[in-house]
Amino acid sequence: MHTANESLALRKHRMAISKPNAKIGNGSAFSLTELMVVIAIIGILAALLLPTLSQAKGRAQRAQCVSNLHQLGVGLQTFLADHHAYPVLILSTNAADPGRTWGGQLDQEGLGHPPTTNYFQNGVWHCPSAKWEGGLPGGNSVWVSYGYNDDYALRDPTNQFGLQGHWNVVTHSFQPIAESEVAVPSDMMAIGEGHDGVFMRRSLGNFERFGNVVTRHQGKANVLFCDGHVESPTVKFLFEDTSDAALSRWNRDHLPHGDEIYR
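All residue numbers for the sequence shown refer to our numbering, where the first residue is 789 and numbers rise by one.
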């Protein structure tokens, strides 16, 4: 049997236990405010982190692109070792021949892939930052992220300094460029990032299609040189710089030929 003092002490103890629960119930409005503050903080942190994450993704894609070109470089060196000449721009006029283009020749005879009209489906031909501008091609047409240094071969095949080949006016075909014809392989561009498989020297201001290349790697483009190394020059240096040093890198005789640039 409890005394009066014991009963009073017991009631006080029970009230003390129940008070925290009462505070939680009465403070529900403050919990909503706190939740909104937390959400706002998360939003601010996300806004701060997104650019960093985007830059990290861009660096990863650029690294993959460089890796792709290194692999193409290995294929090119293998092709040169076997043929002592560079792939020609177009080997055959037969659209059904999967090895008719420079890419088909390099893919089959350099990289060792089996003949197929879908050889460009191999990931090594695609920069992860590149996007096709428009509908994807159909039929025998394919899209690649990289282009050959063909120096306007289809516009004036008789006056060229790239790797596309020597144009035979009798047979209307390209004859291979001998390995020895490239004066400075370490300073001669072979394969680079281009628009829809095109990679050639032209002022950016007059060739809007190169916009895809401009934005691909924060103003830089990855380029494979004839000796197998890869560089990442600025797009402006590639397509707008008219210095002898910039222009000579496009030509197998390592001369600038500034008077030959189409503007």
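Every residue gets a Cβ at the ideal spot worked out from N, C-alpha and C, and that includes glycine.
The alpha helix (DSSP H) enclosing Val1058, as first and last residue numbers: Since the first residue shown for the chain is 789 and the last is 1051, residue 1058 is missing from the structure and cannot be characterised.
Is it true that the CB of Ile965 sits closer than 8 Å to the CB of Gly982? The residue you call residue 982 lines up with position 194 of the sequence shown. The residue you call residue 965 lines up with position 177 of the sequence shown. Not in contact: Gly982 and Ile965 (Cβ atoms no closer than 8 Å).
Compare the C-alpha of Arg1004 against each of Gly891, Gly911, Asp1029 and Ala851 and name the closest. Here residue 1004 refers to the residue found at position 216 of the sequence shown. Arg1004 has its Cα closest to that of Ala851, out of Gly891, Gly911, Asp1029 and Ala851.
Shortest alpha-carbon distance to Cys853 belongs to which of Ala1033, Ala1034 and Val1011? Residue numbering aside, residue 853 sits at position 65 when the sequence shown is read from its first letter. For Cys853, the nearest C-alpha among the options comes from Val1011.
Contact belief for Gly1007 with Thr1030 at Cβ below 8 Å, rounded distance in angstroms: By 1-based counting over the sequence shown, the position of residue 1007 is 219. By 1-based counting over the sequence shown, the position of residue 1030 is 242. Not confirmed; about 18 Å, so no contact.
From Leu864 to Ala828, what does the alpha carbon distance come to, in whole angstroms? Looking up residue 864 in the sequence shown gives position 76. Looking up residue 828 in the sequence shown gives position 40. Cα-Cα distance, rounded: 54 Å.
Tell me the DSSP bridge mates of Asn956? Working through the sequence shown from its first residue, we reach residue 956 at position 168. Per DSSP, Ser961.
Any idea what DSSP makes of Ala966, helix, strand or coil? Locating residue 966 in the sequence shown gives position 178, where the first residue counts as 1. Residue state, collapsed to three classes: strand.
Asn1000 versus Asn856: straight-line alpha-carbon distance, rounded: Residue numbering aside, residue 1000 sits at position 212 when the sequence shown is read from its first letter. Residue numbering aside, residue 856 sits at position 68 when the sequence shown is read from its first letter. With a pLDDT of 47 at Asn1000, under the threshold of 50, the modelled position of this residue cannot be trusted; read the value that follows with caution. Taking the straight line joining both Cα atoms gives about 18 Å.
First and last residue of the uninterrupted beta strand (DSSP E) at Ala978: To locate residue 978, count along the sequence shown from 1; it is residue 190. Where Ala978 is concerned, the enclosing beta strand (DSSP E) stretches over Met977 to Glu981.
Would you report the Cα separation of Asp870 and Leu951, rounded to the nearest angstrom? Along the sequence shown, one-based indexing puts residue 870 at 82. Along the sequence shown, one-based indexing puts residue 951 at 163. Roughly 17 Å between the two C-alpha positions.
Which parts of the stretch 851-895 are runs of the alpha helix (DSSP H), unbroken and 4 residues or longer, counting only runs that do not cross its ends? 890-893
Find the nearest neighbour of Gly898 within the set Val1018, Gln859 and Ser917, judged by alpha-carbon distance. By one-based count along the sequence shown, residue 898 stands at place 110. Ranking the options by Cα distance to Gly898, first place goes to Gln859.
Starting from Leu951, trace the alpha helix (DSSP H) both ways and give me its first and last residue. Walking along the sequence shown from the start, residue 951 turns up at place 163. First-last for Leu951: undefined, no H or E at that position.
Using the beta-carbon count (16 or more within 10 Å), is Gly861 buried or exposed? Along the sequence shown, one-based indexing puts residue 861 at 73. Under this definition Gly861 is a buried residue.
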